[in-house]
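Structure first, then comments.
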Amino acid sequence: MRITPARAALAVGATALLGVATFGLVTAGTASASDDSVLGPNGFGAIKVGMSVAQAKATGKVGAPVGGNDLCRGYNWAYSPGPVLIMSTKYGVYAVPGTAPGAHTPEGIKIGSTPDEVLAAYPDAVPGHHNTVDTYTVPTSNPANQYVFGVRDGHVVGMSVQSVDPHDCIAG
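All the letters of the sequence shown, read from the start, carry residue numbers -33 to -1, 1 to 139 under mature numbering (1 follows the signal peptide of the UniProt record, and there is no 0).
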């Protein structure tokens, strides 16, 4: 199944909304792409998109499940109190949120960035909308993954790097 902007929006929409409720707008200083606060094309810190649930748990960064079903669940993780890491039982890590304090993409996009900053960093971003959140979906340097940014009231309120193939984490 190919992920569409609408499917991507489903994954980041809940993340963005939870991010607003949990964190408000958090700003972070720009840092180099070599630091440990980068939400990169493969993941964040020790957690990488596509690693198995067992591999992810072995990092010591994955906590208790917090929703979902037997196919796909959200998990608490050590980098931030929410939004959650999304993992498929069969296919492993599906989506890694960029909500850790100071998290940013290699291009400097972070919670609090503006849509103009997203588009300047990612001119090929595909706009979309989900509920009350505008979304921008962006291919990464890893063709298996993409960034999804949720925007509300003129600022990024949630972001993630996720598989372009939702497997069993998003239906429809």
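For every residue, glycine included, the Cβ atom is placed at its ideal position computed from N, Cα and C.
With fewer than 16 other Cβ atoms inside 10 Å of its own Cβ, Leu38 counts as exposed. DSSP places Pro50 within a strand segment (E or B) once states are collapsed to three. Measuring C-alpha to C-alpha distances from Tyr103 to each of Pro82, Asn112, Gly17 and Asn109 identifies Pro82 as the nearest.
Residue burial annotation: Ala70 is buried, with at least 16 other C-beta atoms found within 10 angstroms of its C-beta.
Here the alpha carbon of Gly27 sits roughly 18 Å from the alpha carbon of Gly65. A straight line joining the alpha-carbon of Ser19 with that of Asp2 spans about 25 Å. Nearest to Gly117 by alpha-carbon distance, out of Ala31, Val100 and Gln129, is Val100. No Cβ-Cβ contact shorter than 7 Å links Tyr46 with Ile53. Annotated three-state conformation of Pro110 is coil, per DSSP. Spatial neighbours of Gly12 in its own chain (CB-CB distance under 7 Å, excluding positions within 5 residues in sequence) are listed in chain order as Asp3, Lys28 and Tyr46. Taken in chain order, the unbroken stretches of alpha helix (DSSP H) that lie wholly in the stretch 72 to 129 and span 4 residues or more are 82 to 88.
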